[in-house]
Amino acid sequence: MSTFKEKMVEMRAYLAAQPNRREHNRETTRFLRDLHTPKWGYAIYRTVYTPESDALFPLALAKLDGYVHCEIDWDLYKDPTYDPVPNREIRERYENVVLEDRERYDGASMDSIREYFRQWVEGQGKDVGDSPRFQICLVFDEAAVRALSAAPDPLPSSDAPPGVLIRVVDGEFIAAHCEDPSYAGWIKVSPNLVMGLYGRVDQSDLLLTVSVLMERDSESFLFIG
């Protein structure tokens, strides 16, 4: 059985051998070239533990997966002549880590989740690298769980579902080092842009590297793609 490193070498060779610039410059292909871990996805913290949320939380997770899968295949929907292999590889390597703990996470603030996330990252070992998987995490609070579970079924042709936003905590955030006092170390993202956000984050401060954080609501900046 091939190791991950061997598979990664094979995939890079496959991508490098693509016959034209059109395939080479696809956003999907660029995402895959920059993916250096066996899996990609997010640590998801559940911060609501009501009886209602017990029923809705699994639905919200499934709905998020549906939106991500549609985002992965978006360019194939626009142009079916694209090579589907990169899309299939990205889909197979997508995997979130769901973290549930009523005693610790119920009603936790974004600052508290950041500390829990840092502890979780430290527990993954020394070689986590600069993957967004270990830099930012998602928070499923009551608002997100309700909105996601009630959101329309995702379709490749659909726009962002109205009123559905997920909080994203920046694990690298240090208030004393941030020049913008309006940035509190977390943002919001629509479920149909979760892959796009992942592809835009690197090893530096989220505010500085995601240059499109120009829109905001009354609480935080918004990632709009």
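Every position in the sequence shown, counted from 1, becomes a number in my numbering once 41 is added. Heads up, the beta-carbon is just placed ideally off N, CA and C, and yes, glycines get one too. As the structure is a prediction and not an experimental result, all values here were calculated from the model.
- For I215, the three-state secondary structure derived from DSSP is coil.
- The beta carbon of R67 lies closer than 8 Å to those of D116, Y123 and P127 in the same chain, with the five residues before and after it left out.
- By the C-beta density criterion, E112 is buried, having at least 16 other C-beta atoms within 10 angstroms.
- Proximity of the stretch 170-188 to the stretch 65-82 meets the contact definition, three or more beta-carbon pairs being nearer than 8 Å.
- Around the C-beta of Y157, 16 or more other C-beta atoms lie within 10 Å, and the residue is accordingly described as buried.
- Under the three-state reduction of DSSP output, R143 falls in the helix class.
- Of the candidates A184, V138, H110 and L100, H110 places its Cα closest to the Cα of P197.
- Under the three-state reduction of DSSP, L76 is assigned to coil, being neither helix nor strand.
- Taking the Cα positions, S231 is about 9 Å away from G266.
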